[in-house]
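Enquirer: Counting from 1 along the sequence shown, just add 8 to a position and that's the residue number in this note's numbering. Ideal Cβ positions, reconstructed from N, Cα and C, are used throughout, including at glycine. For clarity, every value in this text was computed on a predicted model and none was experimentally measured. Right, I'll just put the structure down here and ask away after.
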Amino acid sequence: MTKPSDAPVVALAVLQAISLFALFTQTEPHPPAVVAPFAIGPFLAASLAACAAAILAEDRRARIVSLSFVAALALVSFGPQKYVDPKIGQIWPAVVAGQVAIAFIVLQCVKLYREGASRPDQANVAQEGS
Numbered sequence: 009m010t011k012p013s014d015a016p017v018v019a020l021a022v023l024q025a026i027s028l029f030a031l032f033t034q035t036e037p038h039p040p041a042v043v044a045p046f047a048i049g050p051f052l053a054a055s056l057a058a059c060a061a062a063i064l065a066e067d068r069r070a071r072i073v074s075l076s077f078v079a080a081l082a083l084v085s086f087g088p089q090k091y092v093d094p095k096i097g098q099i100w101p102a103v104v105a106g107q108v109a110i111a112f113i114v115l116q117c118v119k120l121y122r123e124g125a126s127r128p129d130q131a132n133v134a135q136e137g138s
C-alpha cells in the first residue's frame with residue numbers, strides 16, 4: 009500500500025512514463041532518443057524501476073537509499089540544466105514539477121535520516137537486550 013510520502017515518487021514516475029511514451033510515439037516535444045552517455049529509453053526504464061523500488065522499500069535505510077537514487081536519476085531529466093535547453097518554452101511545466109518532486113524527496117530523506125539519528129536502530133536495541 010502506498011503512503012502519502014510516496015506522492016513525489018509517483019509524480020516523477022508519471023513524468024518519466026509520459027516522457028517515455030512521447031519518445032516512443034515521437035510526439036513533440038519528446039526527449040532525444042540518445043544522449044552522449046546512454047540511450048534515453050533504457051535510462052527512463054531504469055528511473056521508473058527505481059521509483060517502484062522506492063515505493064516498495066519499507067526499511068528506513070533502504071528507503072533513504074532508494075529515494076536518493078530516484079532523486080539523482082530525476083535530476084538528469086529535470087535538473088537545472090534544462091533551463092538552457094532549446095525546448096524549455098515547451099517543457100518547463102514538466103521541469104518545474106520534476107524539481108518540486110525532487111525537492112520533496114530530498115526533504116523526506118533528511119527527515120528519515122534525522123529520525124534514525126535521534127533513536128537507536130531496532131537491530132542494536134535487540135542485540136543489547138540479549
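Tell me, to the nearest whole angstrom, how far the beta carbon of A60 is from that of L75; I am working on the premise that it is less than 8 Å.
Expert: Reading the sequence shown from its first residue, position 52 is the one you call residue 60. Reading the sequence shown from its first residue, position 67 is the one you call residue 75. Actually they do not touch by this definition, with Cβ atoms about 12 Å apart.
Enquirer: Check A15 in the structure and name its three-state DSSP category.
Expert: Translated into the one-based positions of the sequence shown, residue 15 becomes position 7. DSSP places A15 in helix when its eight states are reduced to three.
Enquirer: Quick one: Cα of N132 to Cα of Q116, how far?
Expert: Locating residue 132 in the sequence shown gives position 124, where the first residue counts as 1. Locating residue 116 in the sequence shown gives position 108, where the first residue counts as 1. Since pLDDT at N132 reaches only 49, below the 50 mark, its modelled position is unreliable, and the value read off the structure follows with that caveat. The straight-line gap from Cα to Cα measures roughly 24 Å.
Enquirer: Give me the Cα-Cα distance between A30 and I48, rounded to the nearest whole angstrom.
Expert: As a first step, residue 30 is located in the sequence shown; it is residue number 22 there, counting from the start. As a first step, residue 48 is located in the sequence shown; it is residue number 40 there, counting from the start. Cα to Cα, the separation comes out at about 12 Å.
Enquirer: Less than 7 Å between C-beta atoms, sequence neighbours within five positions excluded: which residues of the same chain meet that for V78?
Expert: Position 70 of the sequence shown, counted from the start, is the residue given in the question as residue 78. Excluding residues within five positions, the ones whose Cβ falls inside 7 Å are V17, L20, A58, C59, A62, I113.
Enquirer: Tell me which residues share the same chain as S13 and place their Cβ nearer than 7 Å to its Cβ, disregarding the 5 neighbours each side in the sequence.
Expert: If you number the sequence shown from 1, residue 13 lands on position 5. Cβ within range, chain order: Q116.
Enquirer: Taking the alpha-carbon of K11 as reference, which of E66, V92, A111 has the nearest alpha-carbon?
Expert: The sequence position of residue 11 within the sequence shown is 3, counting from 1. Nearest of E66, V92, A111 to K11, Cα basis: E66.
Enquirer: Going along the chain, which residues of its own chain have a beta-carbon closer than 7 Å to the beta-carbon of Q107, five neighbours each way excluded?
Expert: In the sequence shown, residue 107 corresponds to position 99, counting from 1. Contacts found: F86.
Enquirer: Count the other CB atoms, across all protein chains shown, that sit within 10 Å of the CB of R122; report buried if there are 16 or more and exposed otherwise.
Expert: Position 114 of the sequence shown, counted from the start, is the residue given in the question as residue 122. So R122 counts as exposed.
Enquirer: Mark K5 as exposed unless 16 or more other C-beta atoms lie within 10 angstroms of its C-beta, in which case mark it buried.
Expert: Here the chain has residues from 9 to 138 only, and residue 5 is not among them.
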